Amino acid sequence: EKHGHAMATPTPPTVTVFSSIQGIAQSLRDADPNLPLQVVEDENLCGYGGTVEFNPSALSADTKSILQQAEILISEPAVVAALLDYDNLALSSLKWFQSTYAGVDPLFNSSFFSSSSTKIPWKLTRFAGCFGPPIAEWCIARIIEHERSFVATAKDQKSKSWAGSRDAVTNYRYLSSMTLTILGCGDIGRCIAKAAKAFGMKTVGYVRTIPTLSTNDDGTVAEETGVDEYTTDLTKALQSGDYIVSVLPSTPQTRGLLSNGVLKAASNAKGGLCPVFINVGRGDVIDETSLVEALDNKFISGAILDVFVEEPLPTNSELWSRSDVIVSPHVSGLTQASDVPKVFLSNYQRYVENNCSTSELKFQVDWKKGY
Numbered sequence: 001e002k003h004g005h006a007m008a009t010p011t012p013p014t015v016t017v018f019s020s021i022q023g024i025a026q027s028l029r030d031a032d033p034n035l036p037l038q039v040v041e042d043e044n045l046c047g048y049g050g051t052v053e054f055n056p057s058a059l060s061a062d063t064k065s066i067l068q069q070a071e072i073l074i075s076e077p078a079v080v081a082a083l084l085d086y087d088n089l090a091l092s093s094l095k096w097f098q099s100t101y102a103g104v105d106p107l108f109n110s111s112f113f114s115s116s117s118t119k120i121p122w123k124l125t126r127f128a129g130c131f132g133p134p135i136a137e138w139c140i141a142r143i144i145e146h147e148r149s150f151v152a153t154a155k156d157q158k159s160k161s162w163a164g165s166r167d168a169v170t171n172y173r174y175l176s177s178m179t180l181t182i183l184g185c186g187d188i189g190r191c192i193a194k195a196a197k198a199f200g201m202k203t204v205g206y207v208r209t210i211p212t213l214s215t216n217d218d219g220t221v222a223e224e225t226g227v228d229e230y231t232t233d234l235t236k237a238l239q240s241g242d243y244i245v246s247v248l249p250s251t252p253q254t255r256g257l258l259s260n261g262v263l264k265a266a267s268n269a270k271g272g273l274c275p276v277f278i279n280v281g282r283g284d285v286i287d288e289t290s291l292v293e294a295l296d297n298k299f300i301s302g303a304i305l306d307v308f309v310e311e312p313l314p315t316n317s318e319l320w321s322r323s324d325v326i327v328s329p330h331v332s333g334l335t336q337a338s339d340v341p342k343v344f345l346s347n348y349q350r351y352v353e354n355n356c357s358t359s360e361l362k363f364q365v366d367w368k369k370g371y
């Protein structure tokens, strides 16, 4: 403005928080007191850990009205999926949805998504870069717990029996003598690989395309990613590991990837090591019948599971009562409210600086790929 009239700075867009995770709004306020926030509290949305309880049909008129006007929304994928399945106009002003989870499969599995003949008019960004360390800690803890038979020690203590489970507690392998196969080497998979390397494990990464690194003949690959060796050959990956951890998301390519006898490749008979299978990705990479079959036929020697096809795991599932299975309630990597500002605020700044355009947002989900 040549004549000295300052341009009026446009009001920054309001961020609507509708989440079952306690404390997100407070964390955002602490990080940026000037952020315009609208927090929606409704008794029909609650939850804990990786479990969300939500009833879209009972929302108050106020909640519905706020959600209809929301331009930027922070929420769980399962909440938005249920909301749009119930009323596909529930978020009619939405331009940008920031997920509080890394996995966004509920949206892709929703009838809203499958019946969207038109392009979805808003962008989805996943909650990236925070889950690697906690999930890596959980995986390493579970591997050590399994090798050292902590469960048996706990039972012995209950019955006041010194080394009662003698074979279990005195026979174990060093981590440095073993190989960990990681199915899916995004930021979480690479974090698990680095943690395993710190204990001297060898790491093999199963990927769709082998990452290209300029220098990979002098150990730089392992240094940068934690992965000693990449392969696109699933059979080879399954045969290499003493432990196999799946970090795969739920996409049309990964659903059922390990079902129907695929794990047979890991059996001793096929040249595998009869490994322990760990799942921290998504439950639908293998159906329960195939998993039980793999255990019964000793394709694998155990399963340590944090994710399931159906969650909560139904009480009639055989997995609960098997001694070769550990059931964990989807808690290996939980969204901490304090992590939200570091993921969200830099993207919010990009959004505002680009005149409320979503084109420059990081961690955008590709609607075609499913992640």
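Under my numbering, the residue at position 216 of the sequence shown is numbered 216, and the numbers go up by one with no gaps. Ideal placement from N, C-alpha and C gives every residue a C-beta, glycine not left out. Owing to the predicted nature of the structure, the values given are computational and were not obtained by experimental measurement.
Residue range of the beta strand (DSSP E) that includes residue 180: 179-183
Same chain, Cβ closer than 6 Å to residue 378, five either side skipped, listed in chain order: Residue 378 cannot be examined here, being either before or after the span of the chain that is shown, 1 to 371.
Residue interval of the beta strand (DSSP E) (run including residue 279): 276-279
Residue 81 beta carbon less than 8 Å from that of residue 112: yes
Counterpart residues of residue 97 in DSSP-defined beta bridges: For residue 97, which the question treats as bridged, DSSP gives the partners 73 and 124.
Opposing strand residues paired with residue 304 [DSSP bridges]: Assignment of beta-bridge partners to residue 304 by DSSP yields 278 and 326.
Under the three-state DSSP convention, the category residue 246 falls into: Reduced to three states, the DSSP call for residue 246 is strand.
Cβ pair count under 8 Å reaching 3, the segment 240-248 against the segment 85-104: no
Under 8 Å between C-beta atoms of residue 49 and residue 329: In this structure, residue 329 lies closer than 8 Å to residue 49 by Cβ.
Neighbour-count burial assignment, residue 238, 16 or more Cβ in a 10 Å radius: Taking all protein chains shown into account, residue 238 has 16 or more neighbouring C-beta atoms within 10 Å of its C-beta and is therefore buried.
contact_flag[the segment 142-160, the segment 182-195] where n(CB pairs < 8 Å) is 3 or more: no
Three-pair Cβ contact test at 8 Å for the segment 259-267 versus the segment 200-208: The segment 259-267 vs the segment 200-208: no contact.
Touching by the beta-carbon criterion (3+ pairs, under 8 Å), the segment 304-314 and the segment 172-180: no
Alpha-carbon spacing of residue 351 relative to residue 282, whole angstroms: 31 Å
The segment 14-27 contacting the segment 55-75, beta-carbon criterion three pairs below 8 Å: yes
DSSP beta-bridge partners of residue 372: Here the chain covers residues 1 to 371 and nothing more, so residue 372 does not appear.
Candidates 242, 233, 291 and 202, of which the one nearest residue 227 by Cα: 202
Span separating the alpha-carbon of residue 306 from that of residue 125: 24 Å
Spatial distance of residue 200 from residue 129 (CA atoms): 24 Å
Test item: CB-CB of residue 136 and residue 106 under 8 Å: no
Secondary structure of residue 336, DSSP reduced to three states: coil
Whole-angstrom distance between residue 152 and residue 167, CA atom to CA atom: 10 Å
Nearest residue (CA-CA) to residue 53, options 21, 115 and 60: Ranking 21, 115 and 60 by Cα distance to residue 53 puts 21 first.
Alpha carbon of residue 332 to alpha carbon of residue 284, nearest angstrom: 17 Å
Rounded separation between residue 253 and residue 369 - CA only: Near 9 Å, if we compare the C-alpha coordinates of residue 369 and residue 253.
Cα-Cα separation between residue 65 and residue 90, rounded to whole angstroms: If you take the alpha carbons of residue 65 and residue 90, they lie about 9 Å apart.
Inter-residue Cα distance where the pair is residue 258 and residue 244: 12 Å
Check whether residue 278 and residue 139 have beta carbons under 8 Å apart: yes
Helix, strand or coil at residue 239 [DSSP, three-state]: helix
Assumed close pair residue 273, residue 296 - CB separation to whole angstroms, cut-off 8 Å: Actually they do not touch by this definition, with Cβ atoms about 18 Å apart.
CB-CB length for residue 73 against residue 97, believed under 8 Å: So it is a contact: roughly 5 Å between Cβ atoms.
Assigned exposure category for residue 76 - 16 Cβ within 10 Å defines buried: buried
Backbone secondary structure at residue 362 - three-state DSSP: DSSP places residue 362 in coil when its eight states are reduced to three.
Endpoints, the alpha helix (DSSP H) within which residue 155 is located: 150-158
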